[in-house]
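K.L.:
So that we are looking at the same thing, I have put the structure below in structure tokens.
Protein chains: 2
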Amino acid sequence: MRKTARRHQQGEESRLRILEATLAIAAERGYDGTSIALVTESTGLPPSSVYWHFRNKDELLAETLEYSYRRWRETAPTWQERVGIADPAAEIRDRMERASRAIVDNPEFWRLGLMLGLLNRQQEPAARRRYLEVRGETRAAIQAWWEQVLPGGDDERRRLVAERLARFHLTVMDGLYLGARSGRGWNLDRLVELIAAGVHAQALTWLEEAA
Amino acid sequence: MRKTARRHQQGEESRLRILEATLAIAAERGYDGTSIALVTESTGLPPSSVYWHFRNKDELLAETLEYSYRRWRETAPTWQERVGIADPAAEIRDRMERASRAIVDNPEFWRLGLMLGLLNRQQEPAARRRYLEVRGETRAAIQAWWEQVLPGGDDERRRLVAERLARFHLTVMDGLYLGARSGRGWNLDRLVELIAAGVHAQALTWLEEAA
DNA sequence: CAATTCATGTATTGATCACTACGGTGACTG
DNA sequence: CAGTCACCGTAGTGATCAATACATGAATTG
Chain Z
1 MRKTARRHQQ GEESRLRILE ATLAIAAERG YDGTSIALVT ESTGLPPSSV YWHFRNKDEL
61 LAETLEYSYR RWRETAPTWQ ERVGIADPAA EIRDRMERAS RAIVDNPEFW RLGLMLGLLN
121 RQQEPAARRR YLEVRGETRA AIQAWWEQVL PGGDDERRRL VAERLARFHL TVMDGLYLGA
181 RSGRGWNLDR LVELIAAGVH AQALTWLEEA A
Chain P
1 MRKTARRHQQ GEESRLRILE ATLAIAAERG YDGTSIALVT ESTGLPPSSV YWHFRNKDEL
61 LAETLEYSYR RWRETAPTWQ ERVGIADPAA EIRDRMERAS RAIVDNPEFW RLGLMLGLLN
121 RQQEPAARRR YLEVRGETRA AIQAWWEQVL PGGDDERRRL VAERLARFHL TVMDGLYLGA
181 RSGRGWNLDR LVELIAAGVH AQALTWLEEA A
């Protein structure tokens, strides 16, 4: 039923199938471990289709990264707006919890990102560059959120501490993914609570320090 | 066999050159990104030499992992013995500081380990299996150290908390490497102090919880 | 229905992959 | 000094890599 199943304008569906398959493969095997043959084998589509939808392997992986990022954003917290939680510690824990759940529920983006981030070749793949960009965007969003959460009147001081905290925040989420992945023995809720408390404590320390 | 190996000691040197080159390449490009051609190009030795010293690529990378681990252990703290530091917090900070310096001074092992750890193929490479083993060994050593550091008489309770702490400890070091790597804005000493304080606080919490 | 566009099917390109066959060479041994 | 062995040099093997040429068919357009 392949011939009858394939109708005109089903290109978009094929494109998504390719992205989905590439994401699954690249998140498990990394950039160099991902081959077009694996993608065609997984999707049932021929190489010519892959190259009709994407210019080359580099662009395929870059678009796969963006695709997984967009999907991750759907479950991740939107750092743009604050929820109405009075207690700062509770608000931090709330954000941490949602972010960690987004990572655990939809780990492929984070996983692929870590792999691309660790890569270091003389000829940087577009996928890695794109990852660093979206990570930068996320960091900026988290920083903006911290600037709102942090008390105090001195804007410059708040910005400085917020930037440092956002960086720390992201790194902590990296560790959280690696920890959750190393499996057994991790209670995610407990871990999130612990980490949120640590970040909160650090925020207070840095704020005081900057004063 | 061994005696005859001594007479031509050029072989051992070549073997080390190959391991060194492979480590540098694999730590930057990962398992699949590492090719024999890159190694021969880097060392100037022909492929036949590589395959005389190592059975295949898989074993080359596995031995490279072990080689980098041994070298890392030279700078890393030996968790077997305790230094005579009275204050537990200070001792924790001391260990953390030495461990973090080992990672930063000799990052290739940690970097290669993270890449291998993230890998997930149906056919697991020997290098990855070996990495998980040495990581397990390290965790056990850290756990044994924690069991000594932790107060309290109940052995079973200490063991449980120590195991959890060792796991947490390792993950925190992963995060530390990623953070230190993402560069600019990280003051390592400050970070170590912060993390040590967090781990110490967590140790106390878990101890109390277990009581 | 004719022309055009979209997407796939088929078949293949040259490059690079892991790996090896095999002979040479120099250091050591008996 | 003849023979052995460790290690390297040369020159490949077939497999797989990313990528492409070109034809086909199905839907859309005019």
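So the protein lines, in turn, are chains Z and P. Counting along the first sequence from 1, when you hit position 126 you're at 126 in the numbering used here, and nothing is skipped either side. Counting along the second sequence from 1, when you hit position 141 you're at 141 in the numbering used here, and nothing is skipped either side. Note that CB positions come from ideal geometry on N, CA and C, so glycine has one too. Bear in mind the structure is a predicted one, so any value in this text is a computation, not a measurement.
Between the beta-carbon of Leu16(Z) and the beta-carbon of Thr34(Z), is there less than 8 Å?
P.N.:
On the first sequence, residue 16(Z) is found 16 positions in, with the first residue counted as 1. On the first sequence, residue 34(Z) is found 34 positions in, with the first residue counted as 1. Their beta carbons are not under 8 Å apart, which means Leu16(Z) does not touch Thr34(Z) by this criterion.
K.L.:
Measuring straight from C-alpha to C-alpha, what distance separates Arg111(Z) and Val134(P)?
P.N.:
Counting from one through the first sequence, the residue named residue 111(Z) turns up at place 111. Counting from one through the second sequence, the residue named residue 134(P) turns up at place 134. The straight-line gap from Cα to Cα measures roughly 22 Å.
K.L.:
Run through DSSP, which three-state label would Leu117(P) get?
P.N.:
The residue given as residue 117(P) occupies position 117 in the second sequence. Just to set this straight, residue 117(P) is Gly in the shown sequence, not Leu. The three-state secondary structure of Gly117(P), taken from DSSP, is helix.
K.L.:
Which one of Gly30(Z), Ser182(Z), Trp146(Z), Asp87(Z) has the shortest CA to CA distance from Phe168(Z)?
P.N.:
Within the first sequence, the letter at position 168 stands for residue 168(Z). That would be Trp146(Z), whose Cα lies nearest to the Cα of Phe168(Z).
K.L.:
By the three-class DSSP mapping on this structure, what secondary structure does Thr78(P) have?
P.N.:
What you label residue 78(P) is simply residue 78 of the second sequence in a count that begins at 1. Of the three classes helix, strand and coil, the one that applies to Thr78(P) here is coil, per DSSP.
K.L.:
Excluding five sequence neighbours on each side, which residues of the same chain lie with their C-beta closer than 8 Å to the C-beta of Thr64(P)?
P.N.:
The sequence position of residue 64(P) within the second sequence is 64, counting from 1. The answer, listed in chain order, is Leu19, Thr22, Leu23, Ala26, Leu112, Ala127.
K.L.:
Comparing alpha-carbon positions, which option in His200(Z), Tyr177(Z), Leu170(Z) lies nearest Arg139(Z)?
P.N.:
Within the first sequence, residue 139(Z) is the residue found at index 139, counting from 1. Answer by Cα proximity: Leu170(Z).
K.L.:
Let me see if you follow: with CB-CB separation under 8 Å, is Thr171(P) close to chain Z or not?
P.N.:
Counting from one through the second sequence, the residue named residue 171(P) turns up at place 171. Answer yes: the Cβ-Cβ gap between Thr171(P) and chain Z drops below 8 Å somewhere.
K.L.:
So that I know if they touch, is there some Cβ in chain P lying closer than 8 Å to that of Asn56(Z)?
P.N.:
On the first sequence, position 56 is the one that residue 56(Z) refers to. Not one chain P Cβ lies under 8 Å of Asn56(Z).
K.L.:
What does Met115(Z) touch in chain P if you count any residue whose Cβ is under 8 Å from its own?
P.N.:
Numbered from 1 along the first sequence, position 115 holds the residue referred to as residue 115(Z). Gly30, Met115, Leu118, listed in chain order.
K.L.:
Apart from the five residues just before and just after Arg6(Z), which ones in its own chain have a Cβ nearer than 7 Å to its Cβ?
P.N.:
Looking up residue 6(Z) in the first sequence gives position 6. Reliability fails at Arg6(Z), whose pLDDT of 45 lies under 50, so the model's placement of it is uncertain and no value is given.
K.L.:
Please confirm whether Gly175(Z) has its beta-carbon closer than 8 Å to some beta-carbon of chain P.
P.N.:
Start at 1 with the first residue of the first sequence, and residue 175(Z) comes out as number 175. At least one CB of chain P lies nearer than 8 Å to the CB of Gly175(Z).
K.L.:
Of all the CB atoms in chain Z, is at least one closer than 8 Å to the CB of Ser100(P)?
P.N.:
Residue mapping note: residue 100(P) aligns to position 100 of the second sequence, counting from 1. Closer than 8 Å: no.
K.L.:
Give the DSSP-derived three-state secondary structure of Gly152(P) in the structure shown.
P.N.:
Here residue 152(P) refers to the residue found at position 152 of the second sequence. Looking at Gly152(P) - three-state DSSP - the assignment turns out to be coil, as it is neither helix nor strand.
K.L.:
Contact criterion: CB-CB distance below 8 Å. Does Ser68(Z) meet it with respect to chain P?
P.N.:
The sequence position of residue 68(Z) within the first sequence is 68, counting from 1. Chain P places no beta carbon closer than 8 Å to that of Ser68(Z), leaving this residue out of the contacts.
K.L.:
Output the distance between the C-alpha atoms of Pro46(Z) and Thr40(Z), rounded to the nearest integer angstrom.
P.N.:
Sequence index remark: in the first sequence, residue 46(Z) carries index 46 (1-based). Sequence index remark: in the first sequence, residue 40(Z) carries index 40 (1-based). Distance between the alpha carbons of Pro46(Z) and Thr40(Z): 6 Å.
K.L.:
Figure out for me which residue from Glu74(P), Leu38(P), Ala210(P), Ala76(P) has the closest Cα to the Cα of Asp154(P).
P.N.:
Residue numbering aside, residue 154(P) sits at position 154 when the second sequence is read from its first letter. The option with the nearest alpha carbon to Asp154(P) is Ala210(P).
K.L.:
Could you tell me the alpha carbon to alpha carbon distance between Gly44(Z) and His53(P), rounded to whole angstroms?
P.N.:
In the first sequence, the residue the question calls residue 44(Z) occupies position 44. In the second sequence, the residue the question calls residue 53(P) occupies position 53. Gly44(Z) and His53(P): Cα-Cα distance of roughly 41 Å.
K.L.:
Tell me whether the beta-carbon of Asp32(P) lies closer than 8 Å to the beta-carbon of Gly30(Z).
P.N.:
For the purposes of this step, residue 32(P) is taken as the residue at position 32 of the second sequence. For the purposes of this step, residue 30(Z) is taken as the residue at position 30 of the first sequence. Yes, the Cβ-Cβ distance between Asp32(P) and Gly30(Z) is below 8 Å.
K.L.:
Could you check the C-alpha separation between Glu163(P) and Ser49(P) for me, to the nearest Å?
P.N.:
Indexing the second sequence from 1 puts residue 163(P) at position 163. Indexing the second sequence from 1 puts residue 49(P) at position 49. For Glu163(P) and Ser49(P), the distance between alpha carbons rounds to 44 Å.
K.L.:
Cutting at 8 Å between CB atoms, please list the residues of its own chain near Ile92(Z), excluding the five before and the five after it.
P.N.:
The count along the first sequence starts at 1 and reaches residue 92(Z) at position 92. By the criterion of a C-beta distance shorter than 8 Å, Ile92(Z) is surrounded in its chain by Val149, Ala196, Val199, His200, Ala203, once the five residues flanking it on both sides are discounted.
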